[in-house]
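Under the UniProt record's numbering, the residue at position 108 of the sequence shown is numbered 108, and the numbers go up by one with no gaps. Each remark here refers to the structure printed beneath this line.
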Amino acid sequence: MTDRKAQLATNLARVERRITQACAAAGREREEVTLVVVTKTYPASDVRLLAELGVREVAENRDQDAAPKAAECAELDLKWHFVGQLQTNKARSVVRYADFVHSVDRLRLVDALSNAAVRVGREVGCLVQVALDAPSGSVGGRGGAAPDDVAAVADAIAAAPGLRLAGLMTVAPLAGAYAGKPRAAFDRLMEIASSLREAHPAATMVSAGMSSDLEDAVAAGATHVRVGTAVLGVRPALG
Ligand SMILES: *Cc1c(COP(=O)(O)O)cnc(C)c1O
Numbered sequence: 001m002t003d004r005k006a007q008l009a010t011n012l013a014r015v016e017r018r019i020t021q022a023c024a025a026a027g028r029e030r031e032e033v034t035l036v037v038v039t040k041t042y043p044a045s046d047v048r049l050l051a052e053l054g055v056r057e058v059a060e061n062r063d064q065d066a067a068p069k070a071a072e073c074a075e076l077d078l079k080w081h082f083v084g085q086l087q088t089n090k091a092r093s094v095v096r097y098a099d100f101v102h103s104v105d106r107l108r109l110v111d112a113l114s115n116a117a118v119r120v121g122r123e124v125g126c127l128v129q130v131a132l133d134a135p136s137g138s139v140g141g142r143g144g145a146a147p148d149d150v151a152a153v154a155d156a157i158a159a160a161p162g163l164r165l166a167g168l169m170t171v172a173p174l175a176g177a178y179a180g181k182p183r184a185a186f187d188r189l190m191e192i193a194s195s196l197r198e199a200h201p202a203a204t205m206v207s208a209g210m211s212s213d214l215e216d217a218v219a220a221g222a223t224h225v226r227v228g229t230a231v232l233g234v235r236p237a238l239g
């Protein structure tokens, strides 16, 4: 094993242990939680090593990095998740490789993704990103629809050709009432997810929790945790 592969294996084992312990503490089965490894800023060679180590779900947040990386890794048995803020003009590229887009937060983006998915003949799973601290009618500073606007975006996804409404995603807010309270934030997301499922029973994905707060997300009921740093290492600051 190369040094890098051994390092990734050690980190993955540590994250796996954290998820297993969090599931046990919450009385949940380990199978209820899917680990999505966020490979942003790391090279395709790392994605390949992760695949060799059994990772099946990876995430990226910038199309200009993700598109070539996904192309280099096309023969690997991986699902690609797009988790970053997304401009409508990138929709055509993203739908070529993304199995899931976690960051759908406005109607114009739903239209752009739908048109693009139909054009390439793919079905893309979409999650509504929720900005728990955004006032209704606005988009959060790091993206996301205000809680009051989630139903409208979800209904639009459910009605859009080429898209499938998969669930909800959030990032624990750094400011506002939920700052420093990821468990409260994720509990609130679960409430919004429950009411969403009344209208859309198949929208079961709840994507929450990162390296620093995955235990809180598992405790709250997340189905998908998105972990970068704890697997790949601290990223250089993004330009
Ligand atoms: C980078 C990123 C993550 C992973 O964050 P870590 O703290 O590195 O685990 C999760 N979700 C989103 C939306 C991200 O952009």
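Positions of the beta carbon are idealized from the N, C-alpha and C atoms, including for glycine. Predicted model, so just to flag it, every value in this text is computed and none were measured.
Return yes when the C-beta of Met1 is under 7 Å from any heavy atom of ligand 1, and no when it is not.
-> Checking the 7 Å criterion, the Cβ of Met1 is out of range of every heavy atom belonging to ligand 1.
Using only the heavy atoms of ligand 1, determine whether one of them is closer than 7 Å to the beta carbon of residue 240.
-> Outside the shown range of the chain, which is 1 to 239, sits residue 240, and nothing can be said about it.
How far does the beta strand (DSSP E) with Cys126 in it reach, from first residue to last?
-> Membership of Cys126 in the beta strand (DSSP E) is indicated by the continuous run 124-130.
Straight-line Cα distance separating Gln7 from Thr204 | In a straight line, the C-alpha of Thr204 is about 33 Å away from that of Gln7.
So what does DSSP say about Lys5, is it helix, strand or coil?
-> Looking at Lys5 - three-state DSSP - the assignment turns out to be helix.
Would you check if the distance between the CB atom of Val38 and the CB atom of Arg226 is smaller than 8 Å?
-> Going by C-beta atoms, Val38 is nearer than 8 Å to Arg226.
Take Ala59 and list the residues in its own chain whose beta-carbon comes closer than 6 Å to its own, dropping the five residues that flank it on each side.
-> Val36, Val38, His81, Val83, Arg226.
One or two residues paired with Thr34 in a DSSP bridge | According to DSSP, which records beta bridges pairwise, Thr34 is partnered with His224.
Buried or exposed: which applies to Asp149, given that a residue is buried once 16 or more other Cβ atoms fall within 10 Å of its Cβ?
-> Result: buried.
If you compare alpha carbons, which of Leu107, Lys79, Cys73 is closest to Leu86?
-> Selected option, being the one with the closest Cα: Leu107.
Neighbourhood of Val95 by C-beta distance below 7 Å, restricted to the same chain and skipping five residues each side | Within the same chain, Leu113, Ala116, Ala117, Val120, Arg122, Val124 come within 7 Å of Val95 by CB-CB distance, once the 5 residues on both sides are set aside.
Work out the CA separation of His102 and Glu169 for me, nearest whole Å.
-> Glu is not the amino acid found at residue 169; the sequence shown has Met there. Cα-Cα distance, rounded: 6 Å.
Three-way DSSP call (helix, strand, coil) for Met190 in this model = The three-state secondary structure of Met190, taken from DSSP, is helix.
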